[in-house]
Amino acid sequence: MSDVAVIPRTASNGNPGLAGAVLIIDDEAEIRESLQTLLELEGFAVETAATGEAGLQRIGEHPFDLILLDLTLPGRNGMEILAEIRAHETGLPVIMITAFGTVENAVRAMQGGAVNFVQKPWDNEKLLADVRAAVGWRRAEEENVQLKRALKQRYNFENIVGKSEPMLKIFDLVAQVANSRSTVLLQGESGTGKEIIAKALHLNSPRHDRPFVPVNTGSMPTDLLESTLFGHVKGAFTSAIASKKGLFEIADRGTLFLDEIATMSLETQAKILRVLQDRRFMHLGGVQEIQVDVRIIAATNIDLRQLVREGRFREDLFYRLNVITIELPPLRQRREDIPLLVQFFLKKYAEENDRPVRRITPEALRPLMSYSWPGNVRELENVIERAVVLSSGSDITIDLLPDNLLGRGSALTLHDPPTDASLFEIVEDVERRIISDMLEKCNWNQTEAAERFKVPLSTLNQKIRRLNIEIKKKSRG
Ligand SMILES: Nc1ncnc2c1ncn2[C@@H]1O[C@H](COP(=O)(O)OP(=O)(O)OP(=O)(O)O)[C@@H](O)[C@H]1O
Ligand SMILES: [Mg+2]
């Protein structure tokens, strides 16, 4: 067990508990102690138990993020204890510790619900990586459950996730204005969630049992759009062989969602303005005024103010629509939402496609966190759906992600940094790639990589940890 004595020191020293709470169940005092020291130095709060029974009792008394469980225990063995933990604490991850040469047992442990196994003698870095990954999954899952519960209690936003500051503000704003009849203008890049927020506004309003009627105003020629919105009488134009109701009537006492309003013609804009002002309109070709009570929510991914300045959008309509504006930030400006969204879409598509996949590896999450997401949440959703469909095991691994996201073929260069990354982030990204490439070249042998970089091993290790570089397979011997 020679490498157990080598304990890496990191910045999280002296912050016990920050990284997570771990319970070690092992009958050998030496193993308990070395694991405890190793994990405590990494910032974990660690408790130990010498028997399965003592461990189970502690689990009943105290919340843990992870259990490290020895397979061969006196009394009830590790497999029995594992089954017991699984029966009561379905989400609590367990990593089995097995003796060298008992791979079949390790496989059985995984089948019994362990998330991973560690073989004695273990490799410190690998063990720490596995422990961090398991705790990370546990936290992401819990956070999702708690957040969804909180949001559901507060607002009934069942399909919307987010915990970033701007999204929480949006949720509050939605809850505040949902009840009113005020027109809402949703602004945001494509795929940021304008339609899903429009629906939430409707579902949380007193109009929720009336129709929510979306219409993509940007994709229709003027004539068709007008007859769609206002309806027409028989004979209003050559093809009008029967009269037809307009969406304003269909949405009566409900919500009309005017999507992509920026490209609407000026004539149509004038007609919509009239409905907003008078709550009345006429069928095309008709003479009778029709009274409606429709709440309007409009969306655009183009800056309307700019269009007003250019004379392409009516200023008076702009002010009518812009009573309340909700600005949806691009995903790259709220990266803390990414893990939640990933977990949310993963679950959704795993269920839809009947796949056993439950989580994403930290290695695969990393590029998702640093990508610029020009297509925003929709693009992320597509990436996860694709990965789930292609997956066969329980994890989304990095090979299931599309190449463009991994920067393959178009590696980030200093001439082409993402426009909204800070200099610090760009430099970190470049450094991360250079170090990863070298490690790969050296078959993940850190000593060799440090030599080739002409830096002390400790410096390289510090960087690896700070930049969150995962050591894939470490050559031994
Ligand atoms: N916060 C979120 N939580 C969960 N799903 C989201 C969230 N935001 C967006 N989505 C999902 O991402 C996809 C795109 O969202 P949506 O259609 O609302 O975007 P949009 O802003 O209307 O895009 P576009 O401008 O391209 O029409 C949808 O499938 C939506 O369900
Ligand atoms: Mg949309």
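Heads up, the sequence shown is in the numbering used here, so the first residue is 61 and it goes up one at a time.
In this text, a Cβ means the ideal position worked out from N, Cα and C, and glycines have one as well.
- Shown here for Ile256: same chain residues with a beta carbon closer than 7 angstroms to its own, the five before and five after excluded, namely Asn219 and Ile220 in chain order.
- Here the region 280-288 makes no contact with the region 334-342; the two share fewer than three CB pairs at distances below 8 angstroms.
- When the beta-carbon positions are compared, Ser454 and Arg418 come within less than 8 angstroms of each other.
- Close CB contacts of Thr132 within its chain, under the 7 angstroms cut and outside five residues either way in sequence, are with Gly138 and Ala159 (chain order).
- Val275 has its CB no nearer than 7 angstroms to any heavy atom of ligand 1.
- The continuous alpha helix (DSSP H) containing Thr288 extends over residues Thr282 to Phe290.
- Under the 10 Å beta carbon count, Val443 is surrounded by 16 or more other beta carbons and is classified as buried.
- Our two residues, Val273 and Val368, have alpha carbons roughly 26 angstroms apart in a direct line.
- Contact annotation, Met227 with Asp397: C-beta distance approximately 6 angstroms; criterion of less than 8 angstroms satisfied.
- Contact fails between the region 518-527 and the region 406-421, because fewer than three Cβ pairs, one in each stretch, are under 8 angstroms apart.
- Beta-bridge annotation (DSSP): Phe317 is paired with Pro274 and Ile357.
- Gly138: member of the alpha helix (DSSP H) spanning Gly138 to His148, first to last residue.
- Counting other Cβ atoms within 10 Å of its Cβ, Thr298 stays below 16 and is therefore classed as exposed.
- When the five nearest sequence neighbours on each side are left out, the beta carbons in the same chain lying within less than 8 angstroms of the beta carbon of Val449 are those of Tyr409, Asn413 and Arg415, in order along the chain.
- In this structure, Ala359 has its CB closer than 7 angstroms to one or more heavy atoms of ligand 2.
- The beta carbon of Val237 sits closer than 6 angstroms to those of Ile384, all from its chain and outside the five residues before and after it, given in chain order.
- Bridge pairing for Ile458: absent [DSSP].
- The nearest non-hydrogen atom of ligand 1 is 7 angstroms or more from the C-beta of Glu100.
- When the five nearest sequence neighbours on each side are left out, the beta carbons in the same chain lying within less than 7 angstroms of the beta carbon of Phe124 are those of Ala81, Val82, Leu83 and Leu152, in order along the chain.
- Thr421 and Glu149 have their C-alpha atoms some 22 angstroms from each other.
- Boundaries for Glu102: no alpha helix (DSSP H) harbours it, and the DSSP string shows neither H nor E there.
- For Gly253, the shortest C-beta to heavy atom distance toward ligand 1 is below 7 angstroms.
- Between the region 431-442 and the region 487-497, the count of Cβ pairs shorter than 8 angstroms is below three; the stretches do not touch.
- In this structure, Lys229 sits away from Leu388, with a CB-CB distance that is not shorter than 8 angstroms.
- Met324 sits in coil when the DSSP states are folded into three classes, being neither helix nor strand.
- Three or more pairs of CB atoms, one per stretch, sit closer than 8 angstroms, so the region 87-104 contacts the region 179-189.
- Distance from the CA of Ala110 to the CA of Gln96, rounded to the nearest whole angstrom, comes to 13 angstroms.
- Put simply, the backbone Cα of Ala200 is about 7 angstroms away from that of Pro399.
- The alpha-carbon separation between Ile350 and Leu307 amounts to approximately 12 angstroms.
- Short note on Val515: C-beta not closer than 7 angstroms to any heavy atom of ligand 1.
- By alpha-carbon distance to Gln179, the top candidate from Lys259, Leu142, Gly346 and Ile155 is Ile155.
- Residue pairing from DSSP places Leu129 in a beta bridge opposite Ile85 and Met156.
- The Cβ neighbour count for Val234, taken over all protein chains shown within 10 Å, is at least 16; the residue is labelled buried.
- Within the same chain, Cβ atoms closer than 7 angstroms to the Cβ of Arg339 are found at Gln351, Val352 and Asp353, the five residues on either side in sequence being excluded.
- In the assembly as shown, Ile301 is an exposed residue. Its beta-carbon has fewer than 16 other beta-carbons within 10 Å.
- Contact check for Gly173 against Arg146 passes: the beta carbons are separated by less than 8 angstroms.
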